[in-house]
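In my numbering, the protein residues as written are 1 to 114. Built from N, CA and C at the ideal position, the CB exists for glycine as well. Notes to accompany the following structure.
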Amino acid sequence: MMLLADLSPALLAYVGFALLSLVMDRHRRQLLPSANGWPPRITHAIRVLGWSLLLLSLWRSIHLWGVGIGLVAWFGVLSLAVFVLALLMSYFPHRVIWSAMAASVVCMPSMLMF
1 MMLLADLSPA LLAYVGFALL SLVMDRHRRQ LLPSANGWPP RITHAIRVLG
51 WSLLLLSLWR SIHLWGVGIG LVAWFGVLSL AVFVLALLMS YFPHRVIWSA
101 MAASVVCMPS MLMF
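Listed below in C-alpha coordinates is the structure:
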(Lines of atoms letter the chains of each structure in order from A and count residues from 1; the text may use other names and numbers.)
(Lines give C-alpha, C1' and ligand atoms only; values in the text may rest on other atoms or scores of the structure.)
Protein backbone atom coordinates (compact mmCIF):
# COMPACT_ATOMS: atom_id res chain seq x y z
CA MET A 1 0.00 0.00 0.00
CA MET A 2 2.95 2.31 0.56
CA LEU A 3 3.90 1.94 -3.10
CA LEU A 4 0.47 3.26 -4.08
CA ALA A 5 0.98 6.22 -1.75
CA ASP A 6 4.27 7.00 -3.46
CA LEU A 7 2.68 6.69 -6.90
CA SER A 8 -0.40 8.78 -6.12
CA PRO A 9 1.13 12.16 -7.15
CA ALA A 10 2.11 10.70 -10.53
CA LEU A 11 -1.29 9.09 -11.05
CA LEU A 12 -3.14 12.26 -10.06
CA ALA A 13 -0.97 14.34 -12.39
CA TYR A 14 -1.61 11.92 -15.26
CA VAL A 15 -5.37 12.06 -14.76
CA GLY A 16 -5.24 15.86 -14.46
CA PHE A 17 -3.29 16.23 -17.69
CA ALA A 18 -5.59 13.76 -19.44
CA LEU A 19 -8.59 15.87 -18.43
CA LEU A 20 -6.87 19.04 -19.58
CA SER A 21 -6.15 17.42 -22.93
CA LEU A 22 -9.86 16.64 -23.33
CA VAL A 23 -10.63 20.36 -23.20
CA MET A 24 -8.51 21.08 -26.29
CA ASP A 25 -10.43 20.57 -29.53
CA ARG A 26 -7.64 18.77 -31.36
CA HIS A 27 -7.01 16.26 -28.57
CA ARG A 28 -10.72 15.75 -27.88
CA ARG A 29 -11.26 14.83 -31.55
CA GLN A 30 -8.31 12.46 -31.31
CA LEU A 31 -9.47 10.80 -28.09
CA LEU A 32 -13.24 10.93 -28.58
CA PRO A 33 -14.02 11.07 -32.31
CA SER A 34 -17.77 10.91 -31.74
CA ALA A 35 -17.86 14.01 -29.50
CA ASN A 36 -18.50 17.07 -31.69
CA GLY A 37 -18.28 19.84 -29.15
CA TRP A 38 -19.14 20.45 -25.54
CA PRO A 39 -21.00 23.33 -23.98
CA PRO A 40 -18.82 25.94 -22.27
CA ARG A 41 -20.04 24.89 -18.82
CA ILE A 42 -18.81 21.32 -19.29
CA THR A 43 -15.53 22.51 -20.77
CA HIS A 44 -15.02 24.81 -17.81
CA ALA A 45 -15.88 22.04 -15.33
CA ILE A 46 -13.39 19.63 -16.94
CA ARG A 47 -10.70 22.32 -16.95
CA VAL A 48 -11.28 23.11 -13.26
CA LEU A 49 -11.22 19.41 -12.38
CA GLY A 50 -7.95 18.90 -14.28
CA TRP A 51 -6.24 21.82 -12.52
CA SER A 52 -7.65 20.66 -9.19
CA LEU A 53 -6.12 17.24 -9.68
CA LEU A 54 -2.76 18.83 -10.50
CA LEU A 55 -2.97 20.87 -7.29
CA LEU A 56 -3.97 17.76 -5.37
CA SER A 57 -0.92 16.06 -6.84
CA LEU A 58 1.22 18.93 -5.54
CA TRP A 59 -0.34 18.69 -2.09
CA ARG A 60 0.16 14.93 -2.02
CA SER A 61 3.77 15.28 -3.08
CA ILE A 62 4.48 17.83 -0.34
CA HIS A 63 2.61 15.69 2.18
CA LEU A 64 4.67 12.62 1.34
CA TRP A 65 8.17 14.10 1.04
CA GLY A 66 8.12 17.53 2.71
CA VAL A 67 8.34 20.94 1.04
CA GLY A 68 11.91 20.82 -0.26
CA ILE A 69 11.91 17.35 -1.77
CA GLY A 70 8.19 17.42 -2.51
CA LEU A 71 8.39 20.37 -4.91
CA VAL A 72 11.33 18.88 -6.79
CA ALA A 73 9.65 15.46 -6.90
CA TRP A 74 6.44 17.09 -8.12
CA PHE A 75 8.19 18.64 -11.12
CA GLY A 76 9.67 15.25 -11.91
CA VAL A 77 6.22 13.67 -11.55
CA LEU A 78 4.73 16.26 -13.90
CA SER A 79 7.42 15.53 -16.47
CA LEU A 80 6.81 11.80 -16.21
CA ALA A 81 3.03 12.17 -16.47
CA VAL A 82 3.25 14.40 -19.55
CA PHE A 83 5.78 12.07 -21.17
CA VAL A 84 3.54 9.03 -20.68
CA LEU A 85 0.48 10.94 -21.87
CA ALA A 86 2.29 12.22 -24.97
CA LEU A 87 3.44 8.71 -25.86
CA LEU A 88 -0.01 7.25 -25.37
CA MET A 89 -1.67 10.02 -27.37
CA SER A 90 0.80 9.52 -30.21
CA TYR A 91 0.68 5.75 -30.50
CA PHE A 92 -2.39 4.51 -28.60
CA PRO A 93 -4.90 7.38 -28.32
CA HIS A 94 -7.82 5.03 -27.62
CA ARG A 95 -6.12 3.87 -24.40
CA VAL A 96 -5.72 7.31 -22.81
CA ILE A 97 -9.27 7.47 -21.42
CA TRP A 98 -9.12 3.93 -20.06
CA SER A 99 -5.70 4.42 -18.49
CA ALA A 100 -6.84 7.68 -16.87
CA MET A 101 -9.87 5.94 -15.38
CA ALA A 102 -7.69 3.07 -14.16
CA ALA A 103 -5.18 5.51 -12.64
CA SER A 104 -7.92 7.33 -10.76
CA VAL A 105 -9.31 4.06 -9.41
CA VAL A 106 -5.85 2.87 -8.34
CA CYS A 107 -4.85 6.07 -6.54
CA MET A 108 -8.10 6.61 -4.60
CA PRO A 109 -7.47 3.97 -1.89
CA SER A 110 -4.07 5.45 -1.13
CA MET A 111 -5.60 8.92 -0.89
CA LEU A 112 -8.15 7.66 1.61
CA MET A 113 -5.64 5.76 3.76
CA PHE A 114 -2.82 8.27 4.07
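Whose CA, out of Leu54, Val82, Thr43, His94, lies closest to the CA of Pro9?
Leu54
Name the residue from Val67, Val48, Ser90 whose alpha carbon lies nearest to the alpha carbon of Gly16.
Val48
For Tyr118 and Val84, which I take to be in contact (beta-carbon distance under 8 Å), what is that distance rounded to the nearest angstrom?
Outside the shown range of the chain, which is 1 to 114, sits residue 118, and nothing can be said about it.
Closest to Leu20 by C-alpha separation, out of Ala35, Trp51, Leu31, would be which residue?
Trp51
Pairwise C-alpha distance: Asp25 and Gly37:
8 Å
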